[in-house]
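Reading through the structure tokens given below for one structure.
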Amino acid sequence: MKLRLRLLPYFYVFMVMFFLYAPLVIMILMGLNRSPLYTLPIKLDLVWYRDLFHNQRLLSAGLNSILLGIAVAVTATVLGTLAAWVLARHKFRGKSLLQTLLIPPIAIPWLIIAVALLLLFFWIKVPRGLFAMYLGHVGVALPYVILLLSARFQGTDPALEEAARSLGASPLVTFLRITFPLILPGIIGALLFTFTISFDNFVISHFLAPPGVSTLPVEIYSAIRKGFTPEINAISSIIFLFSATLILISSRRIEFV
Amino acid sequence: MSFIRKNLTRFLLLLPSYSWLLFAVLIPLLIMLVFSFLSDTPLGSRDVYATLKNYQTYFSLGFYWVLTSKSILTAVYTTFICLLIAYPMAYAIARRLPGRWKAALFMLVIVPLWSNTLVRLYSWAIVLRDGGVLEYALKSIGLPIQNLSILYSYPAVIIGLVHGYLPYMVLTIYVVLDRLDDSLLEAAASLGANPWQRFLRVTVPLSLPGVIAGVIMTFIPVMGSFIEPRLLGGKEGTMIGTVIEDQFVQLFNWPLGAAIAFLLLLMVLVMLTAMGLFVRRLNRTSIGGTE
Amino acid sequence: MKFQKLSFTSILILMAAMLLISCGKATQTIEASINQGNDNQIGGVLRVLNWQGYGSDESFALDEFGKMYGVKVEHDYITSEEEMLTKLRTSPGVYDVLLPNLAYLPIAVQEGLLEPIDTSMLENWNDLLSRFKDLDDIRSNGQVYGVPWTWGATAMVYNTEVYPDGIDSMQVFWDPNYAGQIAWWDSYEDTMALVGIAMGDPDPYHPKDLNAVKQKMMELMPQVKTLWASEDEFDKLFANKDISLGVFWSGSASRAATVMGLPMKFVIPKEGAIAWIDTWAIAKDAPNREAAYRWIDYMISSGFYIRWDTEVGAPAPTTQSSIDALPADAFNRAVMGDPQVISRLVWMQTVSAEDRQQWNQIWEEVKAAQ
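Structure follows, in structure tokens:
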């Protein structure tokens, strides 16, 4: 009985992961299925991977999405963490206002922000392109970082930092040796979040993408209307397998304190 | 640190984030707020004047409220189910699984969201449709299922939404549960609290910031969602988010779309204030409040 | 140490990927420069605004046109007619050519988004069938703004294996015997017109009793299994036998039958159906006007059309030589060329913004009640 109870958490985690990954398994299988219409039974074929290799547009869109996502993740996490630290650790006038200002970017459908950005950039002559998308993505990702890291900061005891300072450590050293390891899961969580927000962001990218330059979700969505081949499954499968492997390898090196 | 230095540091640390927010989000939103009071999108060839007509339209069309309440209800279901599944998941990973698995699982939880939404939802359609994978699986373990009829109905929408927001909820709660101070739990135990009491009176309140953050990040976007409802809900998949989208994509009525969006924002702020008051009451009745 | 190795490897992989992609781009440039000897070289870039997978972005077309004129063709895709207009409104001077639906062309002209087209500069202009060449709606103030390219109908399709006796009337959509087998097109505009046609309204684009139409839509919904918003979605529903009957486009139906091998039959019911025309237009301040004219000429040429129709499947053409080049029993020639059929068609009309707003609200209301 005790053994079964001890296995319960493992079983539960497995079930939830199964739920999270089930559609992905389907996605990978459909990328290997000859039928372009997802008909069962599955006939294994690499035709979509071959087509993908020739699909310049989709490949560069995929690469754009990845690079953009990394840039957005790093920027938003760094800036957001700094802001979160102030909001979590200090009391000052205007704090509630600053916290409330985080809500509109999350509450208002991104479509509204996207259209408004299109107009704003048009008026101030910022050209449509990956840089414009970068500006927009970081903007909408920041509130998530601040919320997440604030929660993390609230869970860590400021006494540890104060102790370090009282022992003579400079603010920088305190941050690197004490604070940073304490909030590491929060930082990684924020990086993953914001990468996801940027990588899967269709709406803002769609409005700010110029002709000839695209990101993966934009390509996929515009294919909706008249032609959606499983090359899309193929590229998503490649990205998924690559990132899952990367994560599995790198997680060995990361120690959560 | 002196007073000025202290405030200067705070200011400098807040400046990059908030000026970015100002420029890339808040000012555009302000522009759209102004638009919501206009009679037409000021880019076409029509004359434009100030009016409350868009807001009036929202209140005059009964079915807008039907759709809004449907969206709110969907958000409630989704957030509740996500919380129900995510809390034990985060707890298990943070406090029950061995160290070398923690980091890997933590990161693997969000990877499913790196398959783009459309592909993911189409894959769900394959699982949930009649004659699809789910039906096949249930039949093969002997259940007498005929015509599951999940796809193109409301439950399918909830499944898709839960799937899309669960990772965020797990991550946010994990990030707080991970730092739970065992000594507090030991202290409670030595005061005579049983495991259930320790959980309710110590663990839960301390994890509240994460729970609240997760709820905010799930509930609010789900209220405005339209793609999951459309792809998985079939003809039952219309929400207020669909109406907003229509104004921008099918029509050229940005003012109306903006007005509805800002009304949604207002509702959200009201709900958050109510939740904030509730949480403050909760904090006063537990050990170790974080305020 | 391991971490450094890891980041090093990932950087290597990223660089390899970028190398692959730039190799692809390099070969394209080399090919382009090899053609420099050709006399007709215009050079530069042509920016096209169109639906994805709608003929103009076929790789053979991009190659052929690129070789003929040394022009690199870039596409920007749209997912609705309104979006096409919005892209023009918010990005002036960016696009060269676009494909507006004839019903939306007057709006674009009125807003000053298009340039008049000098038809004398088009070699294939006189190849257009007179019923397209002489259309009023492509003209404003005596000047032509749109060149008709394809046309088709939005009507019914059914699965010949499920309904071997055939279907010829729209009333089946309201017949309980067919409930749960129907996929309906999620468009407020077309739904309004189709339901009007089914009700026998002689002027479906100016409905007199909106409540009656709304009621008819409400009666339709319980019969419908799901709504579709893209050709691909409908194909998948049909292929997986989720549905066997629905509203679909003629060109898409021919693609589904020939290229996908689906048992799909397209029929223009006796009540009638909607017909539409897509036209090529030149955006105001087009950066590469010369290439724009050559492009339109190429698009309406029978050479392009026949290859497109044979390899992929296309809606009906607007030029005489394209029709002549089609086999006599081809759908686009036999069915779409039949005057009997054409007389039952209701041509799509420009609907005012107010009307569209109202129709959209009716459709939303019907959907909200489900």
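Protein chains in written order, with our numbering: chain X, 602 to 858; chain Y, 270 to 560; chain H, 8 to 377. Idealized CB from N, CA, C, for every residue including glycine.
query, result
"Near-chain C residues of the segment 521-545 of chain Y - C-beta to any C-beta below 7 Å", "In the structure shown, chain C cannot be found, because the protein chains are X, Y and H."
"Closer than 8 Å to chain H by CB, leucine 449 (chain Y)", "no"
"For alanine 110 (chain H) and proline 123 (chain H), the rounded distance between their alpha carbons", "17 Å"
"CB contact below 8 Å: glycine 813 (chain X) versus chain H", "yes"
"Reduced DSSP category for glutamine 305 (chain H) - H, G, I as helix; E, B as strand; rest coil", "Before going further, note that residue 305 (chain H) is tyrosine rather than glutamine in the sequence given. Correct three-state label for tyrosine 305 (chain H): helix."
"Buried or exposed by the 16-neighbour rule on C-beta atoms within 10 Å, applied to tyrosine 312 (chain H)", "buried"
"Top-ranked residue by Cα proximity to tyrosine 84 (chain H), from H:Glu372, H:Pro107, H:Asp141", "H:Pro107"
"Cβ contact check for the segment 181-195 of chain H and the segment 249-256 of chain H: 3 or more pairs under 8 Å", "yes"
"For glutamine 35 (chain H), the three-state DSSP class (helix, strand or coil)", "With a pLDDT of 49 at glutamine 35 (chain H), under the threshold of 50, the predicted position of this residue should be treated as unreliable, though the coordinate-derived value follows. Note: glutamine 35 (chain H) maps to helix in three-state DSSP."
"Phenylalanine 531 (chain Y) burial status per 10 Å Cβ neighbour count (16 or more: buried)", "buried"
"Proximal residues of chain X, C-beta to C-beta of valine 101 (chain H) below 9 Å", "Arg729, Pro811, Pro812"
"Residues within the segment 293-304 of chain Y neighbouring chain X, beta-carbon criterion of under 9 Å", "Ala293, Val294, Leu295, Ile296, Pro297, Leu298, Leu299, Ile300, Met301, Phe304"
"Endpoints, the beta strand (DSSP E) within which asparagine 522 (chain Y) is located", "No beta strand (DSSP E) contains asparagine 522 (chain Y), which DSSP labels as neither H nor E."
"Contacts of threonine 640 (chain X) in chain H (Cβ-Cβ under 7 Å)", "Ala246, Asn247"
"Nearest-angstrom beta carbon gap, tyrosine 318 (chain Y) and isoleucine 529 (chain Y) [assumed within contact, 8 Å]", "Not confirmed; about 20 Å, so no contact."
"Any chain Y beta carbon closer than 8 Å to leucine 849 (chain X)", "yes"
"Burial state of glutamine 43 (chain H) (16 or more Cβ within 10 Å)", "Model confidence at glutamine 43 (chain H) stands at a pLDDT of 49, short of 50, so the residue's coordinates are unreliable and nothing is read from them."
"Close-in-space but distant-in-sequence residues of the same chain around leucine 420 (chain Y) (CB under 8 Å, 5 per side omitted)", "Ala394, Leu397, Arg398, Asp399, Gly401, Leu501, Gly503"
"Residues that arginine 54 (chain H) bridges to, as DSSP identifies them", "H:Glu81"
"Tyrosine 185 (chain H) (DSSP reduced to helix, strand or coil)", "helix"
"Interface flag, asparagine 166 (chain H) vs chain Y, CB-CB below 8 Å", "no"
"Closer than 8 Å to chain Y by CB, histidine 655 (chain X)", "no"
"Chain X within 8 Å of leucine 374 (chain Y), Cβ atoms only", "yes"
"Cβ of methionine 355 (chain H) within 8 Å of any chain X Cβ", "no"
"Interfacial residues, the segment 339-363 of chain Y to chain X, with Cβ spacing under 7 Å", "Ile354, Pro357, Met358, Ala361, Ile362"
"Under 8 Å between C-beta atoms of valine 507 (chain Y) and glutamate 371 (chain H)", "What sits at residue 507 (chain Y) in the sequence shown is threonine, not valine. Result yes, Cβ atoms of threonine 507 (chain Y) and glutamate 371 (chain H) sit closer than 8 Å."
"Closer than 8 Å at the beta carbon, the chain X residues around arginine 54 (chain H)", "Pro812, Gly813"
"Counted within 10 angstroms of its Cβ, other Cβ atoms place aspartate 208 (chain H) as buried (16 or more) or exposed", "buried"
"Classification of isoleucine 747 (chain X) by the beta-carbon crowding that lies within 10 angstroms, buried from 16 upward", "buried"
"Interface flag, threonine 441 (chain Y) vs chain X, CB-CB below 8 Å", "yes"
"DSSP bridge partner residues for proline 710 (chain X) (one or two, in chain order)", "Proline 710 (chain X) is not bridged to any residue."
"Under 7 Å by beta carbon: chain H residues contacting valine 335 (chain Y)", "Ala375"
"Pairwise C-alpha distance: tyrosine 76 (chain H) and glycine 51 (chain H)", "9 Å"
"Unbroken alpha helix (DSSP H) run spanning asparagine 834 (chain X), endpoints", "832-852"
"Residue burial classification, alanine 406 (chain Y) (beta-carbon count within 10 angstroms, cutoff 16)", "exposed"
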